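Here the structure is laid out as structure tokens; the discussion comes afterwards.
Number of protein chains: 2
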Amino acid sequence: MAEPARRQEHLLVVDDDGRIRQMLARYFEDEGYRVTTVDGGKAMREAMARAPVDLVMLDLMLGQGENGLDLARELRADSDVPIIMLTGRDDVVDRIVGLEVGADDYIAKPFHLREVLARAKSVLRRKAPAAVSEESAAKMIRFDGWQLDLDRRRLLRPDGSDVALTTGEFDILAVMARHPGRVFSRDMLMELTRGRSLDAFDRTIDAQIARLRRKIEADPAQPELVKSVRGVGYVFTGKAG
Amino acid sequence: MAEPARRQEHLLVVDDDGRIRQMLARYFEDEGYRVTTVDGGKAMREAMARAPVDLVMLDLMLGQGENGLDLARELRADSDVPIIMLTGRDDVVDRIVGLEVGADDYIAKPFHLREVLARAKSVLRRKAPAAVSEESAAKMIRFDGWQLDLDRRRLLRPDGSDVALTTGEFDILAVMARHPGRVFSRDMLMELTRGRSLDAFDRTIDAQIARLRRKIEADPAQPELVKSVRGVGYVFTGKAG
DNA sequence: GCGTCTTTGTAACAGTGTGTGACAACCTCC
DNA sequence: GGAGGTTGTCACACACTGTTACAAAGACGC
Numbered sequence: 001m002a003e004p005a006r007r008q009e010h011l012l013v014v015d016d017d018g019r020i021r022q023m024l025a026r027y028f029e030d031e032g033y034r035v036t037t038v039d040g041g042k043a044m045r046e047a048m049a050r051a052p053v054d055l056v057m058l059d060l061m062l063g064q065g066e067n068g069l070d071l072a073r074e075l076r077a078d079s080d081v082p083i084i085m086l087t088g089r090d091d092v093v094d095r096i097v098g099l100e101v102g103a104d105d106y107i108a109k110p111f112h113l114r115e116v117l118a119r120a121k122s123v124l125r126r127k128a129p130a131a132v133s134e135e136s137a138a139k140m141i142r143f144d145g146w147q148l149d150l151d152r153r154r155l156l157r158p159d160g161s162d163v164a165l166t167t168g169e170f171d172i173l174a175v176m177a178r179h180p181g182r183v184f185s186r187d188m189l190m191e192l193t194r195g196r197s198l199d200a201f202d203r204t205i206d207a208q209i210a211r212l213r214r215k216i217e218a219d220p221a222q223p224e225l226v227k228s229v230r231g232v233g234y235v236f237t238g239k240a241g
Numbered sequence: 242m243a244e245p246a247r248r249q250e251h252l253l254v255v256d257d258d259g260r261i262r263q264m265l266a267r268y269f270e271d272e273g274y275r276v277t278t279v280d281g282g283k284a285m286r287e288a289m290a291r292a293p294v295d296l297v298m299l300d301l302m303l304g305q306g307e308n309g310l311d312l313a314r315e316l317r318a319d320s321d322v323p324i325i326m327l328t329g330r331d332d333v334v335d336r337i338v339g340l341e342v343g344a345d346d347y348i349a350k351p352f353h354l355r356e357v358l359a360r361a362k363s364v365l366r367r368k369a370p371a372a373v374s375e376e377s378a379a380k381m382i383r384f385d386g387w388q389l390d391l392d393r394r395r396l397l398r399p400d401g402s403d404v405a406l407t408t409g410e411f412d413i414l415a416v417m418a419r420h421p422g423r424v425f426s427r428d429m430l431m432e433l434t435r436g437r438s439l440d441a442f443d444r445t446i447d448a449q450i451a452r453l454r455r456k457i458e459a460d461p462a463q464p465e466l467v468k469s470v471r472g473v474g475y476v477f478t479g480k481a482g
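If you read the protein sequences in the order shown, they are chains A and B.
The first sequence lines up with residues 1 to 241 when you count with this note's numbering.
The second sequence lines up with residues 242 to 482 when you count with this note's numbering.
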């Protein structure tokens, strides 16, 4: 089936398993795509820098202690390139990945190549018309009249106005607001927001919490939404709904 | 000081690695817990059916194609039993998903047994007094016109104004107010609020009670809400409703 | 590329919360 | 009434947290 002369779309496959790289590359090249395959984050960054990419297919479980989620977040920080996650796990993982980093679709391993192709086409079609088309219900967390939009990474005040949160501030709030009433240690917050663990005497989280409070609390000295639990950590005390 | 005959708490360890099962079983049994160990989902279901379980410690990477996250979700569907997940060192995805599925805490392998014990105590302490489900309606305790909001960690006076309680003060009041009329020994209060036991001649609890009274009693010298029981401890005498 | 602006990590300092020992007041039992 | 033990309170030291300022790192526009 000859493809009409069309700009060749460029796929980047990130997977530590050579067989999968080869399988995907062969199949998509047959389908008329240009395919680059890499085995990890470093190579991915290099490939991204070298040539524009239209779609990234990213394995969630990479070897070498690399984490697909981190790479996805990294990609999202830089660009709007569509991302399809490859995962061996079930729908729960995929949902989270979607929430966390804004991947566009997912495919569970083992997969059928025909299905991968269908998803890839679908994602490319959706993304192509410039602006992010909003077909899925936005994932929203509501509390005390506020709205935290996980897809758009925005926080809206009860009056609808926008709060300008930085990436770090947003990540901490997102993790905590998803579990009101649960106490998070600083270490947990560090791991959940950026996959690093905290070393002793690190005040990073405290500083971020302070900045966050300054933006979302009526009186930062008497916080109502993010409270401290002495000797343990922080807890989100907003009321869902 | 003889420990009051307290119900032995029952732990269920789910892990496919026999050495880990044995290590955890030995350690927690030494600490006075009853421990059951199983190696997979089937045995887990059987154990759960056989005897009530107070805490499940669940490995996320089970052999035989079994998925710890599925088991966690399955547990959550049926019950509110606290869950601690055992995860790989840097599998952030698993942790996020685990929390999302409803696990209460996670511990990265390899772990220190002392830390596991501390987490277990902490989870049991927070879960024990009535199932505090995360997204359920606000948990409120009312007494004599006062309102203690456990989710928001706030105390409101009859006139609706806010009382600024510290973490420690709030925890003690929360524990006692949940069980009006029941007498708590200092040791019990220490255990329930911070998972440590009290050593001899420790005046910590007394000091906290004094500070608490100063904030909530009309006349701290003639307490109406938190009374002393000489030779035993303290009792909350607020009238529910 | 370069300079500029934003975001983040870190150190320093101030303020708050808590544990501890001392002591006074109190209770109970003899 | 006195002894011995228990409780309330205070003061103080120390640990924990909030906040600010500044430097480093990163993002952005040109």
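Each residue gets a CB set at the ideal place from its N, CA and C atoms; glycine is no exception.
Because the structure is a prediction, the values reported are computed rather than measured.
For residue i, count neighbouring Cβ atoms within 10 angstroms of its own Cβ and tell me buried if that reaches 16, exposed if not.
i: Val470 of chain B; result: exposed
i: Met381 of chain B; result: exposed
i: Glu46 of chain A; result: exposed
i: Glu356 of chain B; result: exposed
i: Gln463 of chain B; result: exposed
i: Arg21 of chain A; result: buried
i: Ser197 of chain A; result: exposed
i: Arg82 of chain A; result: It should be pointed out that residue 82 of chain A corresponds to Pro in this sequence rather than to Arg. Buried is the call here.
i: Ala313 of chain B; result: buried
i: Asp300 of chain B; result: buried
i: Asp199 of chain A; result: exposed
i: Phe269 of chain B; result: buried
i: Arg398 of chain B; result: exposed
Alpha carbon to alpha carbon, how far is residue j from residue i? Give it in angstroms, no decimals.
i: Asp295 of chain B; j: Ser320 of chain B; result: 11 Å
i: Gly18 of chain A; j: Ala25 of chain A; result: 10 Å
i: Asp219 of chain A; j: Glu250 of chain B; result: 42 Å
i: Asp447 of chain B; j: Val232 of chain A; result: 22 Å
i: Asp271 of chain B; j: Pro293 of chain B; result: 20 Å
i: Gly68 of chain A; j: Leu62 of chain A; result: 6 Å
i: Gly401 of chain B; j: Arg360 of chain B; result: 36 Å
i: Lys456 of chain B; j: Val404 of chain B; result: 7 Å
i: Leu391 of chain B; j: Ala415 of chain B; result: 7 Å
i: Arg152 of chain A; j: Glu191 of chain A; result: 22 Å
i: Phe143 of chain A; j: Arg435 of chain B; result: 29 Å
i: Asp211 of chain A; j: Met285 of chain B; result: Note on residue identity: the sequence assigns Arg, not Asp, to residue 211 of chain A. Rounded to the nearest angstrom, the two C-alpha atoms are 45 Å apart.
i: Leu358 of chain B; j: Ala290 of chain B; result: 25 Å
i: Val183 of chain A; j: Gly273 of chain B; result: 26 Å
i: Val276 of chain B; j: Trp146 of chain A; result: 44 Å
Report the three-state DSSP secondary structure of residue i (helix, strand or coil).
i: Asp443 of chain B; result: coil
i: Phe236 of chain A; result: strand
i: Thr166 of chain A; result: coil
i: Gln463 of chain B; result: coil
i: Tyr347 of chain B; result: strand
i: Val56 of chain A; result: strand
i: Phe498 of chain B; result: Past the edges of chain B, shown from 242 to 482, lies residue 498 of chain B, and the structure says nothing about it.
i: Arg366 of chain B; result: helix
i: Arg34 of chain A; result: strand
i: Arg142 of chain A; result: strand
i: Gln263 of chain B; result: helix
i: Asp149 of chain A; result: strand
i: Leu155 of chain A; result: strand
i: Val81 of chain A; result: coil
i: Asp17 of chain A; result: coil
i: Leu316 of chain B; result: helix
i: Leu453 of chain B; result: helix
i: Leu252 of chain B; result: strand
i: Leu173 of chain A; result: helix
i: Leu86 of chain A; result: strand
Determine the chain B residues that contact residue i at a beta-carbon separation under 8 Å, and present them in chain order.
i: Val56 of chain A; result: Here the premise fails: no neighbours, minimum Cβ distance about 17 Å.
i: Val235 of chain A; result: Arg394
Name the chain B residues that come within less than 9 Å of residue i, Cβ to Cβ?
i: Leu192 of chain A; result: Val333, Arg336, Ile337, Leu340
Given that residue i touches chain A, what residues does it touch there, using C-beta distances under 9 Å?
i: Thr408 of chain B; result: Lys227, Ser228, Val229, Arg230, Gly231, Val232
**Asked** Touching or not, the stretch 251-258 of chain B and the stretch 281-289 of chain B, by the rule of three or more beta carbon pairs under 8 Å?
**Response** Yes, since at least three Cβ pairs between the stretch 251-258 of chain B and the stretch 281-289 of chain B fall closer than 8 Å, the two stretches touch.
**Asked** Is the stretch 397-410 of chain B touching the stretch 221-241 of chain A in the sense that three or more CB pairs, one from each, lie closer than 8 Å?
**Response** The stretch 221-241 of chain A vs the stretch 397-410 of chain B: in contact.
**Prompt:** For the stretch 471-481 of chain B against the stretch 419-430 of chain B, are there 3 or more C-beta pairs whose distance is under 8 Å?
**Reply:** yes
**Asked** Between the stretch 341-348 of chain B and the stretch 310-328 of chain B, do at least 3 Cβ pairs fall closer than 8 Å?
**Response** At 8 Å Cβ cutoff, the stretches touch.
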